[in-house]
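Colleague: One structure is given below, represented as C-alpha cells, and several questions about it will come after.
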Amino acid sequence: MIRILYFARLREELGCASEELPLPEAVTQVGQLVAWLKARDMKWEQALTSNFRVAVNLDMASLTTPLADGDEVALFPPVTGG
Amino acid sequence: MNISVQQEDFDPGAEIEQLRQANVGAIASFVGVVRDTGGDAAVSGMTLEHYPGMTEKALAGIVAEAEARWPLVGVRLIHRIGRLAPADRIVLVAVSSAHRAAAFAACEFIMDRLKTDAPFWKKETTPEGERWVAAKDSDRQAAERWC
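Residue numbers (my numbering), protein chains in the order written: chain A, 10 to 91; chain B, -4 to 142.
Next comes the structure, spelled out in C-alpha cells:
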C-alpha cells in the first residue's frame, strides 16, 4: 500500500485529503503515479494539470523520485509560508 | 536549534533575549506580519495550513544547513498556523553569532529557504471571498541566490 496526501488548493479541488491504495503495477516513480491518478479520474486529470509539488516520505521530491510499497506521497501547490 | 510550529502567538523580545549570552556578539532577527492587503484586495484575515511532520523536518533541514554555512551560536524559529488577523505575527527567525555578518546572512538565508521549501500554504479572506495565495517567482529567485 501507499498513502497519498493532498494539501491546500489541491485538497479542496479534489475533495480528498488522503487515500491509501496498492502501489499500482508498473508504477516505480512519482511521475508514473501522477499519470496513473490522472488516468483514473477526470478530477485528478484537471487538478494535476496546474503547477504542483511533490514530497515522498516527508522530503521534497521530483517526478523521477522512485516509489516503493509503504511510501507516503504528498501532492500540493507551491508553498506560500513565511 | 529550537523550532516551533504553533497556533499561539509569541513574544519576539523574550525570544531574542533567550539568545543573549557571553559568547554572542550579534543577534539578528526577522518577524513576519500579516498584511491587510494582497495584490489589489483588502485582506481581513488568513488561514495557514501545513503538512505536519514534513514541516518540522523541512525547517530542521534549513536550520541545519544555515548552521553548516555560518558559525552560529543559537537559532530560534517559530512559525504560526491556523487563523490569523492583519497585524498578527506569523513567523520569527532569530539567529545569534559572535559577529554580525553571519547573523544577518543566516537569518536572511533561513527566511528565503523557508519561503520555498517549508510546506505552509496561506489562504486569504478578501471582500470577494477566500482565495489561496499564489507562490511568487521573486521568492524562488531569492532562495536560488544562496545555491
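The beta-carbon is built from N, C-alpha and C at its ideal position, and this holds for glycine as well.
These figures come from a predicted structure and were not determined experimentally.
1) Hey, Ala21(B) and Arg95(B) are a contact pair by Cβ (cut 8 Å); roughly how many whole angstroms apart?
2) Is the beta carbon of Gln38(A) within less than 7 Å of some heavy atom of the ligand ZN?
3) So that I know if they touch, is there some Cβ in chain B lying closer than 8 Å to that of Met69(A)?
4) Going by DSSP, which residues form a beta bridge with Val65(A)?
5) How would you label Pro122(B), buried or exposed, when you count the other beta carbons within 10 angstroms and need 16 or more for buried?
6) Measure from the C-beta of Ala101(B) to each C-beta in chain D and report whether the shortest distance is under 8 Å.
7) Using three-state DSSP, classify Phe104(B) as helix, strand or coil.
8) Is there a Cβ of chain B sitting closer than 8 Å to that of Val43(A), yes or no?
9) DSSP state of Met49(B), grouped into three classes?
10) Leaving out five residues before and five after Leu67(B) in sequence, what residues of the same chain have Cβ atoms less than 8 Å from its Cβ?
11) With DSSP as the reference, identify every bridge partner of Asn(-3)(B), one or two as the case may be.
12) Along the chain, where does the alpha helix (DSSP H) that runs through Ala48(A) open and close?
13) Let me check understanding here. Comparing Cα to Cα, which of Leu57(A), Gly40(A), Asn60(A), Gln55(A) lies closest to Thr74(A)?
14) Helix or strand or just coil, what does DSSP make of Thr74(A)?
15) Do you know how far the Cα of Gly91(A) is from the Cα of Arg75(B)?
16) Note down the Cα distance separating Tyr15(A) from Glu28(A), rounded to an integer number of angstroms.
17) Whole-angstrom Cβ separation of Pro87(A) and Trp127(B), contact assumed at under 8 Å?
18) Closest by CA to Ala17(A), which one among Ala138(B), Arg135(B), Glu119(B), Glu139(B)?
19) Output yes if chain A places a C-beta closer than 8 Å to the C-beta of Ala130(B); else output no.
20) Identify whether Leu109(B) lies in helix, strand or coil by the three-state DSSP scheme.
21) Gln13(B): which of Glu51(B), Arg64(B), Val70(B) sits nearest, CA to CA?
22) Bridge partners for Thr42(B) per DSSP, in chain order?
23) Consult DSSP for Ala97(B) and reduce its assignment to one of helix, strand or coil.
Modeller: For this structure:
1) 4 Å between Cβ atoms; contact.
2) The ligand ZN is absent from the structure shown, which contains no ligands of any kind.
3) So yes, Met69(A) belongs to the interface.
4) Answer is Asp68(A), Val82(A).
5) Under this definition Pro122(B) is an exposed residue.
6) Reference to chain D is not applicable here, since the protein chains of this structure are A and B.
7) Residue state, collapsed to three classes: helix.
8) Not closer than 8 Å to any Cβ of chain B, the Cβ of Val43(A) fails to qualify, so no.
9) Looking at Met49(B) - three-state DSSP - the assignment turns out to be helix.
10) Within the same chain, Leu67(B) has close Cβ partners Ala61, Val90, Ser91, Ser92, Ala97, Ala98, Ala101.
11) Note: Asn(-3)(B) sits in a beta bridge opposite Arg71(B).
12) Membership of Ala48(A) in the alpha helix (DSSP H) is indicated by the continuous run 39 to 49.
13) Here the closest residue by C-alpha is Gly40(A).
14) Correct three-state label for Thr74(A): coil.
15) Those two C-alpha atoms are separated by around 9 Å.
16) The straight-line gap from Cα to Cα measures roughly 9 Å.
17) With 8 Å as the limit, Pro87(A) and Trp127(B) do not qualify as a contact, their Cβ atoms being about 10 Å apart.
18) For Ala17(A), the closest C-alpha among the options Ala138(B), Arg135(B), Glu119(B), Glu139(B) is that of Glu119(B).
19) Ala130(B) counts as touching chain A.
20) DSSP places Leu109(B) within a helical segment (H, G or I) once states are collapsed to three.
21) Measuring from the Cα of Gln13(B), the nearest candidate turns out to be Val70(B).
22) According to DSSP, Thr42(B) bridges with Arg78(B), Lys118(B).
23) The answer is helix: DSSP assigns Ala97(B) an H, G or I state.
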